[in-house]
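Enquirer: Just so you know, we're using this note's numbering here: the sequence shown kicks off at 107 and counts up by one. We treat Cβ as the ideally placed atom computed from N, Cα and C, and that holds for glycine.
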Amino acid sequence: MDLKIDFKKWIFVIIILSLIFIISSFFIPETNLISSQPTNEEYFRGRVLEIEEYQSEDGYIQEALVEVTDGPLAGDIVEIENDYQADHRFLNIRLEEGLRVVLVSFEHNGTRDIYLQDIARDRGLLLAVIILVLALLLVGKLKGLETIFTLFITAFIIVRVMLPLILAGWSPILATTFSALAVIVLILTIIGGLNVKSLSAIIGTGSGVIIAGILAYYIGNIAHLSGLGTQEAQMLASGIEGLDFRGLLYAGIIIASLGAITDVAMSIASGAYQIKNANPEIEFKELMDHSLELGRDIMGTMANTLILAYVGGAIPFLLLLLFNQISWLRIINMDFVATEILSGIAGTIGLVISIPITAFSAALLINKVKKKH
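#1: Closest by CA to ALA286, which one among VAL302, GLY314, ASN301, GLY299?
#2: Using CA atoms only, rank isn't needed, just tell me which of LEU251, GLY177, GLU158, VAL154 is closest to VAL533.
#3: Between which residues of its own chain and LYS114 is the CB-CB distance below 7 Å, once the five residues before and five after are set aside?
#4: Which of helix, strand or coil does DSSP assign to ASP108?
#5: Please classify LEU355 as buried or exposed, where buried requires at least 16 other C-beta atoms within 10 Å of its C-beta.
#6: Could you give the DSSP three-state label for SER332: helix, strand or coil?
#7: How many Å lie between THR464 and GLY319 at the Cα?
#8: Taking the Cβ atom as the reference point for each residue, do LEU393 and GLY453 lie within a distance shorter than 8 Å?
#9: Could you tell me the distance, in whole angstroms, from the CA atom of LEU68 to the CA atom of GLU147?
#10: Could you check whether the Cβ of PHE212 sits closer than 7 Å to any heavy atom belonging to the ligand MG?
#11: Just verifying my parser: in three-state terms, what is the DSSP assignment at GLY345?
#12: The beta strand (DSSP E) spanning ALA170 covers which residue range?
#13: Indicate whether GLY348 and GLY275 have their beta-carbon atoms separated by less than 8 Å.
#14: For SER304 and ALA409, I'd like the C-alpha separation in whole angstroms.
#15: Below 8 Å, how does it come out for the segment 290-299 and the segment 255-270: are there three or more Cβ pairs, yes or no?
#16: Compare the Cα-Cα distances from SER277 to each of PHE442, PHE351, ASP182, LEU414 and report the closest residue.
#17: Once DSSP output is grouped into helix, strand and coil, what is the label at ARG218?
#18: Could you give the DSSP three-state label for GLU300: helix, strand or coil?
#19: Based on the DSSP output, what are the partners of ILE186 in its beta bridges?
#20: With a 10 Å radius around its C-beta and 16 neighbouring C-beta atoms as the bar for buried, classify LYS110 as buried or exposed.
#21: What does a CB cutoff of less than 7 Å around GLY353 pick up in its chain, not counting 5 residues either side in sequence?
#22: Report the rounded CA-to-CA distance for GLN161 versus PHE150, giving the unit in angstroms.
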């Protein structure tokens, strides 16, 4: 890949990112779904210095001195009380000296009360991020750096564009489709360059993701899915009025299927490009057949990837149902279970449909470009 092509690629990426910044700055109105009630909660990090522990009727009581390590109270020593039971495995924190914790502060009638909120886990997560970045750079080198940049772009578009659009009252499906298409164009351009290979992958990925969303919407209506099958959605419904929860369900399916479909489409487009380079005389139909064959090889593993991702998240729930010997008829008709099944199936169908679309696009575009040269 020469420097000129790289330069064009990054100019294109900068233009698209600039447009997204403009949209997020000017075309997203003031959010009208967020609660206007002020909150008096503040959260701080802290480190446990000393502990005194007493046994109680229900378990143990710990009185701890904790140093606040950030925020306006940084350096202050506060005393907190913590109850825990030795035989409980959840919602149960046992403090130890040196343990880093999260504190919550409430201000009431001019006085500030500070309580233990949770164990601080952000340092462990930061370590995982550092290991990921190092692995990408060591193995991928320049491509690894590009991958890090694409991860940042994806996170930015979801957090700064898609979610604010939804909270501003936009249709979740419309906001997610727009965001997904922006992610597709940017990521595939960065990874593959500004060429027909990337264009083919963009066409295939965009088609597969949109088909997955349409299918989920159609079957979801037939199955009367509410979008309120999870505890998080129910909590959101109790605090926000006017949010389209069915739309959120379909939006989640679009985002969840995006990664796998992008992977398949780019693999097929890259394969077609390499086949054409190795055999410049190959015709459209033969190139498409080879691309389809490549897609079929990838299809099985990537379909498994999508299905297993959904099953993995539902393992504790499914074990609970089986442990209580709940009828399969009842299980299969639960809103949450039906939603997870539909998500996996719709995403997989979108993935499968993207294979012939990408193969056709790649064979057509690559052949045309090569003939001109």
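Expert: Taking the geometry as given:
#1: GLY314
#2: What is shown of the chain runs 107 to 479, which leaves residue 533 out entirely.
#3: LEU300
#4: Residue placement at ASP108 is flagged as unreliable, the pLDDT there being 39, under the threshold of 50; a coordinate-derived value is accordingly withheld.
#5: buried
#6: coil
#7: 18 Å
#8: no
#9: Beyond the ends of the chain as shown, which are 107 and 479, falls residue 68; an answer cannot be given.
#10: You won't find the ligand MG in this model; it holds no ligand whatsoever.
#11: helix
#12: 166-174
#13: yes
#14: 22 Å
#15: yes
#16: PHE351
#17: strand
#18: Inspection of the sequence shows that residue 300 is occupied by Leu rather than by Glu. If DSSP states are grouped into helix, strand and coil, LEU300 belongs with coil.
#19: ALA170
#20: A caution first: LYS110 carries a pLDDT of 41, below 50, which makes its placement in the model too unreliable to give a value.
#21: SER277, PRO278, ILE279
#22: 28 Å
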